[in-house]
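Asks: Residue numbers (this note's numbering): 161 to 578.
Even glycine gets a Cβ: it sits at the ideal position worked out from N, Cα and C.
Treat the numbers as computed from the prediction; the structure is a model and nothing was measured.
Input: one structure, supplied below.
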């Protein structure tokens, strides 16, 4: 009896162990992924993450959403050795981490990939994320500048609307005609923004800039740069074609455009969802006007990098590759928010759909070939901070461009070259 009792106990324990072993699954690898983004962007991201996890049951994504002060918080994570495995980044800020060797070189991964074709990415988008011949992020989208315009205002004022190959001179003449027209009472022709991303195309198109493209020289004091800054400043301070800060009050340029207070707004693809939803007039876009060098705007990129310190680089690459896939990028493109870095998506009906505004979406794409990634080094933000203080005197109408951009400034900025 006692033997049978022990045998029964042994059998029960054996079965429980067997069942336990059969039901145990290998624990999934947790990949930490950080990104900024509005709630509308997050609503697109979460289903994509869920789809990836379904297709890759051995990986679990821990999504770290940082909607504000993203790069300040990312600095702290890196400093604390808590950096996410996959990091959404842009090329302006990403250069800091790339210079410090904190990003994995993705070139070998991309070359070995059978599912991701390098040729399907705009070359300038890859160039934006290349530092010291290493690809430190795979691009999701590109960002650039075009001119949005109110077709109804141009028609009402009897001014020919802007066109594809217009120049700085055309831009100025049309702006003057809008404001000075006796057939309409148009407040201003164009919005004005003091951030560098909006005035740099005036310098680049004129043959100038802040940093040379090889990052070896400060060129803000060169004649072409000073002329470009003067042209932009004159729109507000000499010709009064753009509102001052006091005249704008608390209104953004997008709000001024919505209310019809300005006929044109220099902006990017990020404005499209808001305009589609809120504008009740006819509108479209045209390329940024051209000058001595042509029409040259930024071709900056946002995308996914992998932390060099990640313990799970193979799994992290699988996630990056999935997020950069044609199907995933299509889903993000459908929001109207981004210019896809994939050529196949950017040149598809999904993006170029002329049934939706703007009808001229093709100009977001053509600008990629004629533009340049913003030349930036690891001290670029410090360079901008110094410039902002100087240029404030220009944009407020207190001084001329040649007075604020001088050899002393050039020497100060040159100390921040690497």
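If we ignore side chains and look at the alpha-carbon of each, how far apart do residue 421 and residue 283 end up?
Replies: Each residue's alpha carbon lies about 38 Å from the other.
Asks: What are the complete beta strand (DSSP E) segments, minimum 3 residues, inside the region 279-352?
Replies: Runs of the beta strand (DSSP E) inside the region 279-352: 298-303, 306-310, 348-350.
Asks: Alpha carbon to alpha carbon, what distance is there between residue 508 and residue 524?
Replies: One C-alpha to the other measures close to 13 Å.
Asks: In whole angstroms, what separates the C-alpha of residue 407 from that of residue 396?
Replies: Going by the C-alpha atoms only, they are around 11 Å apart.
Asks: In whole angstroms, what separates the C-alpha of residue 312 from that of residue 260?
Replies: The alpha-carbon atoms of residue 312 and residue 260 are separated by roughly 51 Å.
Asks: How is residue 484 classed by DSSP in three states: helix, strand or coil?
Replies: Residue 484: coil per DSSP, three-state reduction.
Asks: How long is the line joining the alpha carbons of residue 212 and residue 290, rounded to whole angstroms?
Replies: The alpha-carbon atoms of residue 212 and residue 290 are separated by roughly 27 Å.
Asks: By a C-beta neighbour count over all protein chains shown, 10 Å radius and 16 as the cutoff for buried, is residue 276 buried or exposed?
Replies: Buried, because 16 or more other Cβ atoms sit within 10 Å of the Cβ of residue 276.
Asks: Among the residues of its own chain, which have a CB less than 6 Å from the CB of residue 358, if the five just before and after it don't count?
Replies: Answer for residue 358: 426, listed in chain order.
Asks: By Cβ distance below 7 Å, which residues in the same chain neighbour residue 576 in space, the five residues on each side in sequence not counted?
Replies: Excluding residues within five positions, the ones whose Cβ falls inside 7 Å are 539, 542, 543.
Asks: Do residue 564 and residue 553 have their beta-carbon atoms positioned less than 8 Å apart in this structure?
Replies: Yes, the Cβ-Cβ distance between residue 553 and residue 564 is below 8 Å.
Asks: Within 10 angstroms of its Cβ, does residue 206 collect 16 or more other Cβ (buried), or is it exposed?
Replies: That one is exposed.
Asks: Check whether the region 260-272 touches the region 499-516, taking contact to mean three or more Cβ pairs, one atom from each stretch, closer than 8 Å.
Replies: Flag = no, the region 260-272 and the region 499-516 do not touch.
Asks: Quick one: what does DSSP say residue 464 is sitting in, helix, strand or coil?
Replies: In the structure shown, residue 464 sits in a strand (DSSP, three-state: E or B).
Asks: If contacts are defined as beta-carbon pairs under 8 Å, then residue 461 and residue 301 qualify, I think. What distance do you get, rounded to the angstrom?
Replies: So it is a contact: roughly 7 Å between Cβ atoms.
Asks: Name the one or two DSSP bridge partners that residue 454 has.
Replies: The partner list for residue 454 (beta bridge, DSSP) reads 451.
Asks: Helix, strand or coil: how does DSSP classify residue 564 here?
Replies: The answer is helix: DSSP assigns residue 564 an H, G or I state.
Asks: For residue 182, which three-state DSSP category applies?
Replies: Only weak support is given to the placement of residue 182: the predicted model assigns it a pLDDT of 43, under 50, and the question is left unresolved by the model.
Asks: Taking residue 516 as the reference, which of 435, 537, 381 has the closest Cα?
Replies: Measuring from the Cα of residue 516, the nearest candidate turns out to be 435.
Asks: My assumption, with CB atoms under 8 Å, is that residue 458 sits in contact with residue 305. Please give the rounded CB distance.
Replies: Between residue 305 and residue 458 the Cβ distance is about 6 Å, and since that is below 8 Å, they are a contact.
Asks: Quickly, what does DSSP pair residue 225 with across the bridge? List them, please.
Replies: Partner(s): 195.
Asks: Any chance you could list the alpha helix (DSSP H) runs of at least 4 consecutive residues sitting entirely within the region 395-447, in chain order?
Replies: Qualifying alpha helix (DSSP H) stretches, in chain order: 405-408, 413-419, 432-438.
Asks: Taking only the alpha-carbon atoms, compute the straight-line gap between residue 122 and residue 334 and give it to the nearest angstrom.
Replies: Absent from the structure is residue 122, since the part of the chain shown begins at 161 and ends at 578.
Asks: If you drop the 5 nearest sequence neighbours on each side, which residues of the same chain put their C-beta closer than 6 Å to that of residue 405?
Replies: For residue 405, where only same-chain residues beyond five positions count, there are no Cβ hits under 6 Å.
Asks: Please name the residue or residues paired with residue 500 in a DSSP beta bridge.
Replies: Answer is 301.
Asks: Go to residue 253, then tell me how far its alpha helix (DSSP H) extends in each direction, as first and last residue.
Replies: Element bounds for residue 253: 251-259.
Asks: Quick one: Cα of residue 438 to Cα of residue 303, how far?
Replies: Answer to the nearest angstrom: the Cα atoms are 22 Å apart.
Asks: The alpha helix (DSSP H) that contains residue 536, what's its start and end?
Replies: Careful: residue 536 lies outside any alpha helix (DSSP H) and carries neither H nor E.
Asks: Residue range of the alpha helix (DSSP H) that residue 551 falls in?
Replies: Counting along the chain, the alpha helix (DSSP H) containing residue 551 begins and ends at 540-555.
Asks: Check residue 515 in the structure and name its three-state DSSP category.
Replies: Reduced to three states, the DSSP call for residue 515 is coil.
Asks: How would you call residue 242, buried or exposed, if buried means at least 16 neighbouring beta carbons within 10 angstroms?
Replies: By the 10 Å Cβ count, residue 242 comes out exposed.
Asks: Are the Cβ atoms of residue 571 and residue 245 separated by less than 8 Å?
Replies: No, the pair does not count as a contact, with Cβ atoms beyond the cut-off.
Asks: Assign residue 449 to one of two classes, buried (16 or more other C-beta atoms within 10 Å of its C-beta) or exposed (fewer than that).
Replies: Residue 449 should be labelled buried.
Asks: Is the number of C-beta pairs between the region 191-206 and the region 492-502 that are closer than 8 Å three or more?
Replies: Touching, per the Cβ criterion.
Asks: Buried or exposed, going by whether 16 or more other CB atoms sit within 10 Å of the CB of residue 502?
Replies: When all chains shown are included, residue 502 counts as buried.
Asks: Please state the DSSP three-state secondary structure of residue 165.
Replies: Residue placement at residue 165 is flagged as unreliable, the pLDDT there being 44, under the threshold of 50; a coordinate-derived value is accordingly withheld.
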